[in-house]
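Visitor:
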Amino acid sequence: EGHPRYKSLPHSRRRQSLFFAVGALLCRTNSVIFAWLPPLKYSANKHLPPPLTTLLFPLEYCQTPIRVSTYISLRESSSTKCCAAPTRMRSSTHSKWWNKRDLSYDLALLALEAYHKENGDLAIPGRFIVPATDEYPEEWHGVKLASTIYTMKWWQKHIAQNPDRVAQLSNLGFIWERLQPTWNLFMEGMVNYRNIHGNVLVPASFVVPRNDDNWHMACWDLPLGSFVQQVRLRHDFLTGENSLQRKNQLDRVGFVWDVSEYNFTRLLRAIKHFDRLDGKSSSTREHSVRVPSKFVVPSGHEHGWPPDLWEYPLGAKCMAVRQKKLYVKNRPHRVRLLEDIGFRWSGNAKLGWLDVVQAAAIYSQMHGRVLNVPFNFVIPAPPLDAESNPQCVDSWPWPERLWGLKLGQRLKDVRLKGAYLKGSDAHVRKAQLDNLGFVWHPKRGRRKRYIVEDKDDTMDLDNRICTVSDKVSDTV
């Protein structure tokens, strides 16, 4: 900073000049492997490539000491004298750093043989860079082997006019399918992925595994998930004259353009199918679909579910829709679609309590305002023989949506585990149970069982139930 020429520089140029000084000092102290230099305007330095914006000079190129003032002068002017420092840093043996190398077929063959000896095949990853070891030719050090060898340009230059080299490469295990365009490899990978997984919902991080018999060697290490993301978000491969044809190819394999819409449609289908199999919905009244939070779609055709929904965590998805607005955030049309099929937004816990307290009220009315439900009591359905007593079926006290409800188990959980009695509504629910005559501490011992021995007695019992149901209907 005390250099007179540094003081004469404007403030906008002093910072970059300091970078030059730091870079020169690092080279002289041999404390680091590379010295970083900021971008330069090489107007007179024709020997350095203009596209390079950041230069890394290895210490082995610093053949002579470099002065700080030399870099400052280089930054200030572009005279021939100031270009001496970069000229000394260059070496004719290392011109391959910025010059395009003309690699012969013989050297390429040696590089392929070295790779085959190390890995056992020529399924070279796209990012593989030839290491600077004695096994590989020096001219190939630092070169991307796959992107150089597996190209039609390299084939036309070294193979097309020399048929004898085809057998030589084939014996070495050369993968000729890798010479085709990337789009063809991508489509081959998509078709194979669909055959294995049944869909083309490829994860973004998916890479075709190696040494897998389900995949062709040409697709090994192919970043299929990354390609799918690029096609979906940036429409890669879909520009030019073949764009429409390629879009049709993707549609034929079932490509998912909008993952969110696909997932929501799948959820909607699963809820509708669950409601249909549950068999408790009715077209004559408003109903709601209740999916247990731990419900997972079972596998197997015997359960009546389509194969593409097997092992689908429907209960967890419904809970995520309620609590986290999964698939429906800022999508009002999707909210309406779920409401049309009876989706429960308030959750199973709150609506489950409404069912329990309604069933408890009916039971309490039928038993003289005493709510002491046996543990194994389940809400019954009306008698199957509806023709013999149609009035009993019409006036059955239990609503259809409560049929099969394990009321005894629910109330036992309330008594022993405090189910439904947590949160801000706990005191209100306790008061509701007290008003219904809930027995918090029932007497121990077995209950008396009434065994009906005659069919006529059974009909009398059904008639008595129907008589009680008429009273309940008037009061509930």
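Quick note on the working numbering: the sequence shown kicks off at 116 and runs consecutively.
Just so it is clear, CB atoms sit at the ideal spot from N, CA and C, and this is done for glycine as well.
Since the structure is predicted, the reported quantities are computational estimates derived from the model, not experimental observations.
(1) Start and end of the alpha helix (DSSP H) containing Gly523?
(2) How many Å lie between Ala385 and Asn378 at the Cα?
(3) Using CA atoms only, rank isn't needed, just tell me which of Pro252, Val412, Trp298 and Pro497 is closest to Pro428.
(4) Could you check the C-alpha separation between Gly519 and Phe553 for me, to the nearest Å?
(5) Quick check: the stretch 303-320 against the stretch 340-356, are there 3 or more CB pairs under 8 Å?
(6) CB-CB under 7 Å to Pro252, same chain, minus the five flanking residues each way: which ones, in chain order?
(7) What residues in its chain sit with their C-beta under 6 Å from that of Phe301, if we drop five residues either side in the sequence?
(8) Pick helix, strand or coil for Lys537, following the three-state DSSP scheme.
(9) What do you get for Ser414, buried or exposed, if any count of 16 or more other CB atoms within 10 angstroms of its CB means buried?
(10) Anyone know if the C-beta pair for Ala593 and Asp336 falls short of 8 Å?
(11) By Cβ distance below 8 Å, which residues in the same chain neighbour Leu353 in space, the five residues on each side in sequence not counted?
(12) When the Cα atoms are used, what is the spatial distance from Trp511 to Ser539?
(13) Taking the runs of the alpha helix (DSSP H) that are 4 residues or longer, which of them lie wholly in the stretch 216-243?
(14) Looking only at C-alpha atoms, which of Val258, Lys521, Val368 and Val443 sits nearest to Pro495?
(15) For Val450, does the three-state DSSP call read helix, strand or coil?
(16) Cβ atoms of Glu228 and Leu287: under 8 Å apart, would you say?
(17) Using C-beta distances below 8 Å, list every residue in its chain close to Leu383, excluding the 5 sequence neighbours before and after it, in chain order.
(18) Taking the alpha carbon of Asp236 as the reference point, which residue from Met481, Trp460, Arg325 and Leu526 has its own alpha carbon closest?
(19) Gln524: which of Glu515, Leu517, Phe492 and Lys537 sits nearest, CA to CA?
(20) Span of the alpha helix (DSSP H) holding Gly257?
(21) With distances taken between CB atoms, is the gap from Ser479 to Val485 smaller than 8 Å?
(22) Would you identify the three-state DSSP class for Val493, choosing helix, strand or coil?
(23) Just how far apart, CA to CA, sit Lys215 and Ala261?
(24) From the DSSP output, read off the bridge partner residues of Leu365.
(25) In whole angstroms, give me the CA-to-CA distance for Glu417 and Ala435.
(26) I need the DSSP call for Leu486, collapsed to helix, strand or coil.
(27) Nearest by alpha-carbon distance to Lys387: which of Val371, Phe370, Gly369 and Val406 is it?
(28) Should Lys432 be labelled buried (16 or more other beta-carbon atoms within 10 Å of its own) or exposed?
(29) Would you kindly report the start and end of the unbroken alpha helix (DSSP H) that includes Ala385?
Guide: Reading it off the structure:
(1) Leu522 to Lys532
(2) 11 Å
(3) Val412
(4) 21 Å
(5) yes
(6) Leu222, Leu225 and Ala226
(7) Phe342
(8) When DSSP states are grouped into helix, strand and coil, Lys537 belongs to the coil group.
(9) exposed
(10) The requested residue 593 is not part of the displayed model; the chain covers only 116 to 591.
(11) Val346, Arg361 and Lys362
(12) 35 Å
(13) 220-234
(14) Lys521
(15) helix
(16) yes
(17) Annotation for Leu383: Leu452, Leu453 and Ile456 place their beta carbon closer than 8 Å to its own, counting only its chain and skipping 5 residues before and after.
(18) Arg325
(19) Phe492
(20) Where Gly257 is concerned, there is no enclosing alpha helix (DSSP H), given that its DSSP letter is neither H nor E.
(21) yes
(22) coil
(23) Reliability fails at Lys215, whose pLDDT of 47 lies under 50, so the model's placement of it is uncertain and no value is given.
(24) Note: Leu365 sits in no beta bridge, so no partner.
(25) 28 Å
(26) strand
(27) The shortest C-alpha separation from Lys387 is found at Val406.
(28) By the Cβ neighbour-count rule, Lys432 is buried, with 16 or more other Cβ atoms within 10 Å of its own.
(29) Val374 to Asp393
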